[in-house]
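Note that the sequence shown ends on residue 1027 in this note's numbering; no numbers are left out.
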Amino acid sequence: MKLAVVRERAPGETRVAATPETVKKFIALGASVAVEPGAGAAASIADADYAAAGAELAASAVAGANIILGVQGPDPAALAAAAPGAWVVAGLDPFGQGPGGGRARVDAYAAAGLEALAMEFMPRITRAQSMDILSSQSNLAGYKAVIEASNLYGRAFPMMMTAAGTISAAKAFIMGVGVAGLQAIATARRLGAQVSATDVRSATREQIISLGAKPIFVETVAGIEGEGAGGYATEMSEEYQKAQAELVSSHIAKQDIVITTALIPGRAAPRLISDAQIASMKPGSVIFDLAVAQGGNVEGSVPDQVVERHGVKILGYSNTPAKLPADASALFARNLYNFLAAFWDKEQGKPVLDEEIGGAIRLTQGGKVVNPRLLG
């Protein structure tokens, strides 16, 4: 069983799908591992480190490979030398919401006879938590969003008492309390800000309070009781959206930092902040739009650019986890190892998937697109 680790070629992608740590673990399972030279360079992993872990360094790493590991889906044309029916295990972006994704690439994997496994389709169930790339990468993204916002803000986050007078604590508002939002709350709190947060899911109220932040919720219109489908929020009614806009408008004008994190799988990001709401904020305030690559939660946000509107700075990265390449790679690589190791059959010397997880993440098989989410 040969595993190949490819060098990422998408613009701005600094992560790698395996580290020397996971290479050793794969070899311990009985696999051989080939790594494309330079695959870990942007994540501060030298080729020599992979070699020391037991990997073969080869420009044609995918030749004869049974499993190809990637962060983003590799170009199907570059996988022609892989073994027949080889698995492609990566973040494949089948809905085309990011660089290097889209249905056309999925169709190309099918035409090439490859079995494409989209790690972002991992079901949110207890036994799959350690395999969930969205959770691990979103955690880092929530942290990085606050750090980047603090750099742009140009003022201190905590209250500071000095002989010359007192500096008031920054007020931070987190919109969307998934994994990224929870980490953003925790990070802003650690930096000393006064933090508030909102979500459409009622279950997040207790989570917000547990982190020491103030929950801001629409009380007049029912949101989602408990969790949304698969742990994600869903699109809300027009009545709720109107009530939420009114609530946000009254709250956002008092904030110094706003972090937006709202995403709906397979859909464009919901618009949370309008130009009129931006205009109500104090000059010098900062908004970080974590959903900018999926259309943006904030009117006027542009991927990878600082946009200034009404004296408010707006920033969002198309690939926020890639701004922390070493840590993001370490977590991503462990997710992939945990996934494959959980299904590794020692007698067959390869992973054998079950239907609960395999059926959820498998996009292509036998020359066809087979995932129900892509066939509906």
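Glycine included, each C-beta is placed from N, C-alpha and C at the ideal position.
If you're wondering where the values come from, they're calculated on a predicted model, not measured in any experiment.
Can the beta-carbon of residue i be found closer than 8 Å to that of residue j?
i: Ala-973; j: Arg-756; result: no
i: Val-657; j: Ile-718; result: no
i: Ala-655; j: Ala-697; result: no
i: Ala-769; j: Ile-1008; result: no
i: Lys-865; j: Ser-853; result: no
i: Leu-898; j: Ile-929; result: no
i: Pro-976; j: Ala-693; result: yes
i: Val-937; j: Ala-761; result: no
i: Leu-987; j: Ala-668; result: yes
i: Gly-742; j: Glu-771; result: yes
i: Leu-809; j: Leu-842; result: For the record, residue 809 in the displayed sequence is Pro; it is not Leu. Yes, these two residues count as a Cβ contact at 8 Å.
i: Leu-982; j: Pro-745; result: no
i: Val-948; j: Arg-985; result: According to the sequence displayed, residue 948 carries Asn and not Val. No, they are not a contact pair.
i: Tyr-794; j: Thr-855; result: no
i: Glu-799; j: Phe-994; result: no
i: Tyr-891; j: Val-869; result: yes
How is the beta strand (DSSP E) around residue i delimited, first residue to last?
i: Lys-933; result: Segment: none, Lys-933 is in no beta strand (DSSP E) and carries neither H nor E.
i: Ala-1011; result: Looking at the DSSP string, Ala-1011 is not in any beta strand (DSSP E); the run it does join, the alpha helix (DSSP H), is 1006–1012.
i: Leu-654; result: 653–656
i: Val-899; result: From DSSP, Val-899 is part of no beta strand (DSSP E) but of the alpha helix (DSSP H) over 889–903.
i: Ser-683; result: 683–686
i: Ala-699; result: Looking at the DSSP string, Ala-699 is not in any beta strand (DSSP E); the run it does join, the alpha helix (DSSP H), is 698–703.
i: Thr-817; result: 816–818
i: Thr-911; result: 908–911
Following the continuous alpha helix (DSSP H) through residue i, name the residue where it begins and the one where it ends.
i: Thr-777; result: Here Thr-777 belongs to no alpha helix (DSSP H), and DSSP marks it neither H nor E.
i: Ile-718; result: It is not in any alpha helix (DSSP H) - Ile-718 instead sits in the beta strand (DSSP E) that spans 718–723.
i: Thr-673; result: 671–680
i: Thr-855; result: 855–861
Where does residue i land, buried or exposed, given buried means 16+ other C-beta within 10 angstroms?
i: Gly-967; result: buried
i: Arg-660; result: exposed
i: Asn-802; result: exposed
i: Gln-999; result: exposed
i: Glu-687; result: buried
i: Ile-860; result: exposed
i: Gly-877; result: Any reading at Gly-877 needs caution, since the residue's pLDDT is 44, under 50, leaving its predicted position unreliable; the model's value is listed next. Flag for Gly-877 reads exposed.
i: Glu-707; result: exposed
i: Gln-780; result: exposed
i: Gly-691; result: buried
i: Ala-979; result: buried
Taking only runs of the alpha helix (DSSP H) that begin and end inside the region 822–848, which ones reach a length of at least 4 residues, in chain order?
If we require 4 residues or more, the alpha helix (DSSP H) runs fully inside the region 822–848 come out as 830–841.
3 or more residues per run - each beta strand (DSSP E) lying fully within the region 757–814:
Taking only runs of at least 3 residues, the beta strand (DSSP E) segments lying wholly in the region 757–814 are 766–769 and 811–813.
Counting pairs of Cβ atoms below 8 Å between the region 775–795 and the region 945–956, do you hit three or more?
Short answer: they don't touch.
What beta strand (DSSP E) runs, 3 residues minimum, are completely inside the region 929–987?
Every beta strand (DSSP E) of 3 residues or more that sits fully in the region 929–987 is shown, in chain order, as 937–940, 958–960 and 963–966.
The region 939–949 contacting the region 730–739, beta-carbon criterion three pairs below 8 Å
No, they do not touch.
Contact the region 827–839 vs the region 907–922: 3+ CB pairs below 8 Å:
Under the Cβ criterion (8 Å, minimum of three pairs), the region 827–839 counts as touching the region 907–922.
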